[in-house]
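Visitor: Position in the sequence shown (from 1) plus 30 gives the number in my numbering.
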Amino acid sequence: MRFSPQILDEIRARLRVSDVVGRKVKLARAGREFKGLSPFNAEKSPSFFVNDQKGFYHDFSSGKHGDIFTFLMEVEGLSFPEAVERLAAEAGVSLPKASPDEVAKEVRRKTLHEVMELACRHFEAQLQGRAGARARGYLADRGLSPATQQRFRLGFAPDDRSSLKQHLAEAGVPIADMVEAGLLIAGEDIAVPFDRFRDRVMFPILDLKGRVIAFGGRALTKDTPAKYLNSPETPLFHKGSTLYNGGPARAAAHDGAAVVVVEGYIDVIAMVTAGFEATVAPLGTALTEDQLGALWRMSAEPVLCFDGDKAGQRAAFRAVDLALPRLEPGKSLAFAMLPEGQDPDDLVRAGGRAAVDAILAQARPLADMLWERESQQAQIDTPERRAALEARLASVLDAIADERVRRYYREDLSGRIANLFQRAGGAPAFGGRGGQNWRGRGAATAARQYRRPNGSLMRLKPTAADIAPLGASFKLSALVRGAAAAIPVREALVLAIFLNHPWLLQNHAEELAELDFAHRDCDRLRRALLDAAAEEVPGDAESIAAALNRHGAAEILERVRRAVTHSADWPTRPEAAPSDVEACWTHVVGLHHKKRTLSRELREAEAAYAGSQSEESLAWMRDVQARLAAIEGTEALIEGFGAASGRAARGF
31 MRFSPQILDE
41 IRARLRVSDV
51 VGRKVKLARA
61 GREFKGLSPF
71 NAEKSPSFFV
81 NDQKGFYHDF
91 SSGKHGDIFT
101 FLMEVEGLSF
111 PEAVERLAAE
121 AGVSLPKASP
131 DEVAKEVRRK
141 TLHEVMELAC
151 RHFEAQLQGR
161 AGARARGYLA
171 DRGLSPATQQ
181 RFRLGFAPDD
191 RSSLKQHLAE
201 AGVPIADMVE
211 AGLLIAGEDI
221 AVPFDRFRDR
231 VMFPILDLKG
241 RVIAFGGRAL
251 TKDTPAKYLN
261 SPETPLFHKG
271 STLYNGGPAR
281 AAAHDGAAVV
291 VVEGYIDVIA
301 MVTAGFEATV
311 APLGTALTED
321 QLGALWRMSA
331 EPVLCFDGDK
341 AGQRAAFRAV
351 DLALPRLEPG
361 KSLAFAMLPE
371 GQDPDDLVRA
381 GGRAAVDAIL
391 AQARPLADML
401 WERESQQAQI
411 DTPERRAALE
421 ARLASVLDAI
431 ADERVRRYYR
441 EDLSGRIANL
451 FQRAGGAPAF
461 GGRGGQNWRG
471 RGAATAARQY
481 RRPNGSLMRL
491 KPTAADIAPL
501 GASFKLSALV
511 RGAAAAIPVR
521 EALVLAIFLN
531 HPWLLQNHAE
541 ELAELDFAHR
551 DCDRLRRALL
561 DAAAEEVPGD
571 AESIAAALNR
581 HGAAEILERV
591 RRAVTHSADW
601 PTRPEAAPSD
611 VEACWTHVVG
621 LHHKKRTLSR
631 ELREAEAAYA
641 GSQSEESLAW
651 MRDVQARLAA
661 IEGTEALIEG
671 FGAASGRAAR
681 GF
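In structure tokens, the structure reads:
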């Protein structure tokens, strides 16, 4: 709906700015103006001024300036049409009547809203009935109480092709309305339309006014190809413009709650019940421009939570690219990387609010994520490569439309580049084998620079340690991850090999430094091992363990040792011969790389199938699943393996 300047001016003339603003800000008269504390920033001295004669407010602390419409948009997160409609009602101003076409569309939308409400009530009733027993068990296992289920209006779609269709038909709803609302599947090649959602826990998706506009369904059967299924695009529902829990989150955000973005419905519900009321989720897709705009209307700097694995990192980098051209003074994103293998629901159940608070406290600014992406694979060992890094960053920053933001980003990244190049300037090294001493000029530098066996220097690419500090201590990490975060056996094997045979670092330090670990504590132990080895510490296992204990890694060391218990893991033990240790290392790290690669491919295949549900994407997903299963328990056939250790075996 378009609003003429005359209509807007009439609303402004009938409502004083101080009256509208005064509902949210305590104002005191200051001459011809009013002043108060900023609603946008915490402050002790008033810097927020309202001028009724000129019809505007101005906040000196944030630079924000506007009229009664922009105030509601900024403070309450309303859209412009919503702000106009509310203030017009207060002012007693009649808005222009919609055209006949707009009236017809609104009537149609109202009808579909009624259909969706009937469907939601049906799903709620099914969850509480006999058919919903298994769904109630699933929700109970996920820690969702009956009160929480009722709060979010959770339901159940029975495993019946006509349960909802029959119920709505009995209520007088035409089949055409059910199809248009996305509740039935129909088509030229489908003789009889049938229920879209079957044998699924149902999550109603609401608009900002609290009306049901769509559903998300979670399959209860494991072999169902699409674990989650959303409503299709309808006159009510546009996936790329909607956030799950968007309405309640908007209200909570404008009461001061931090806006947090997670991945799924259960994650949102877990976060809200833990006290993070302004938590939302996109609907099974990457964050869109419209969703980003909605987030910024709630908060100047929402926090995006991503899994700590490579797929989560890629998703974070996509969000960086989405945000860069749209950055404005005071508007940005923060990124909280979760422990790999855990989602917010896991964190809440393992450690409660404190666990989530610890993760959010480590959220990194957008500039950090941009720097990590551009620098982590950078080769900087020649002037030309350093120039290439600078040129690439300059090109990336050209995407930032706001000149002021772009200027400060250039200053920030220039400092990071100078710091990185300065650290890369020296060439300390360490070497040794068996009981010989390690040598280095400092853990942070020496752990990234090694001598090849022939004595020539070798420099590694910048690692995560170059980009950001380790962050939380091992003790904090253990609290956050909870007991449920089991250490992957292969990662424990890799660490055990180096812990018991630190001489391996002479020839394999670069490979260890670049390994992609799934478990965050294992990754921290890997970096601490490299740093400890770079100190002036004897290269025997006992001295290395003592140094790691000084780094605060005692608990994770013990967990690694407990994870390596199988009799076939003997090559990792101290008494194994060097030749068997080398063979074991090569085999274990090869399988580790292969599994991580296949796991990433599986996530991509699952996402492709969830989006298209095509036979081609289903075949891809099943092929990756089969290849992943095939490498479990894979053994390497190595002639003479174990002979040097007195354990002659056919292979490992």
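Don't be surprised by glycine CBs; every beta carbon is placed ideally from N, CA and C.
#1: Tell me which residues share the same chain as Gly485 and place their Cβ nearer than 6 Å to its Cβ, disregarding the 5 neighbours each side in the sequence.
#2: Within the segment 209 to 297, note down every full beta strand (DSSP E) run reaching 3 residues or more, in order along the chain.
#3: Are the beta-carbon atoms belonging to Asp297 and Pro176 less than 8 Å from one another?
#4: Taking contact to mean at least 3 C-beta pairs separated by less than 8 Å, is the segment 278 to 293 in contact with the segment 307 to 315?
#5: If I'm right that Leu317 touches Val350 with Cβ under 8 Å, what's the distance once you round it to whole angstroms?
#6: What three-state label does DSSP hand Arg511 in the structure shown?
#7: Just to confirm, are Ala311 and Val378 a CB contact at a threshold of 8 Å?
#8: Using only the alpha-carbon positions, how far apart do Glu200 and Phe224 sit?
#9: Rank Lys340, Leu354 and Ala353 by C-alpha distance to the C-alpha of Pro369 and give the top, closest one.
#10: Assuming contact is defined by CB atoms lying nearer than 8 Å, are Ala187 and Arg230 in contact in what I supplied?
#11: Which residues share a DSSP beta bridge with Val618?
#12: State buried or exposed for Thr303, treating a residue as buried only when at least 16 other CB atoms are found within 10 Å of its CB.
#13: Just to confirm before moving on: does the CB-CB distance between Val519 and His622 stay below 8 Å?
#14: Name the DSSP bridge partner or partners of Leu427?
#15: What did DSSP end up calling Phe33 once you bin it into helix, strand or coil?
#16: Let me know if Asp253 comes out buried or exposed under the rule of 16 or more other beta-carbons within 10 Å of its beta-carbon.
#17: Closest to Glu358 by C-alpha separation, out of Val55, Gly582 and Tyr439, would be which residue?
#18: Could you check the C-alpha separation between Arg591 and Thr602 for me, to the nearest Å?
#19: Note down, in chain order, each residue of its chain lying with its Cβ closer than 7 Å to the Cβ of Glu293, except the 5 sequence neighbours on either side.
#20: Are there three or more Cβ pairs, one per stretch, closer than 8 Å when the segment 97 to 115 is compared with the segment 44 to 56?
#21: Between which two residues does the beta strand (DSSP E) harbouring Gly107 extend?
#22: Given 8 Å as the limit, is there contact between the segment 195 to 210 and the segment 320 to 327, that is, 3 or more CB pairs closer than that?
#23: Buried or exposed for Gly445, going by 16 or more other Cβ atoms inside 10 Å?
#24: For Pro413 and Glu420, I'd like the C-alpha separation in whole angstroms.
#25: Would you say Ser77 and Phe90 are within 8 Å of each other, going by their C-beta atoms?
#26: To the nearest angstrom, how far is the alpha carbon of Glu566 from that of Ala408?
#27: Within its chain, find whatever has a CB closer than 6 Å to the CB of Leu443; leave out the 5 residues flanking it on each side and keep chain order.
#28: Once the 5 residues before and after Ile389 are set aside, which same chain residues still bring their CB inside 7 Å of it?
#29: Look up His197 in the DSSP assignment and say whether it is helix, strand or coil.
#30: Which of the three DSSP states, helix, strand or coil, is assigned to His143?
#31: Looking only at DSSP bridge pairs, what is Thr309 linked to?
#32: Determine the closest residue to Arg589 out of Gly217, His581 and Leu555, with distance taken between C-alpha atoms.
#33: Taking all protein chains shown into account, decide if Phe110 is buried (16 or more other Cβ within 10 angstroms of its Cβ) or exposed.
#34: Hey, quick one: how far does the beta strand (DSSP E) through Arg59 stretch, first residue to last?
#35: Compute the distance between the beta-carbons of Pro262 and Gly212, then report whether it is under 8 Å.
Guide: Let me spell this out:
#1: Below a pLDDT of 50, predicted positions are generally treated as unreliable, and Gly485, at 35, falls in that range; the measurement from the model is reported next regardless. So the list is empty, once near-sequence residues are dropped.
#2: 214 to 217, 220 to 225, 230 to 236, 242 to 249 and 258 to 260
#3: no
#4: yes
#5: Rounded, the Cβ-Cβ distance is 11 Å, inconsistent with contact.
#6: In this predicted model, Arg511 has a pLDDT of only 37, less than 50, meaning its place in the structure is not dependable enough to derive any value.
#7: no
#8: 15 Å
#9: Lys340
#10: yes
#11: Answer is none; Val618 lacks a bridge partner.
#12: buried
#13: no
#14: DSSP lists no partner for Leu427.
#15: coil
#16: exposed
#17: Tyr439
#18: 10 Å
#19: Ala311 and Asp373
#20: yes
#21: Element bounds for Gly107: n/a, residue is neither H nor E.
#22: no
#23: exposed
#24: 11 Å
#25: yes
#26: Because Glu566 carries a pLDDT of 49, less than 50, the predicted location of this residue cannot be relied on, and the following value inherits that uncertainty. Going from the Cα of Glu566 to the Cα of Ala408 covers about 29 Å.
#27: Leu423
#28: Ala366, Leu368, Leu377 and Val510
#29: helix
#30: helix
#31: Val290
#32: Leu555
#33: exposed
#34: Ala58 to Ala60
#35: yes
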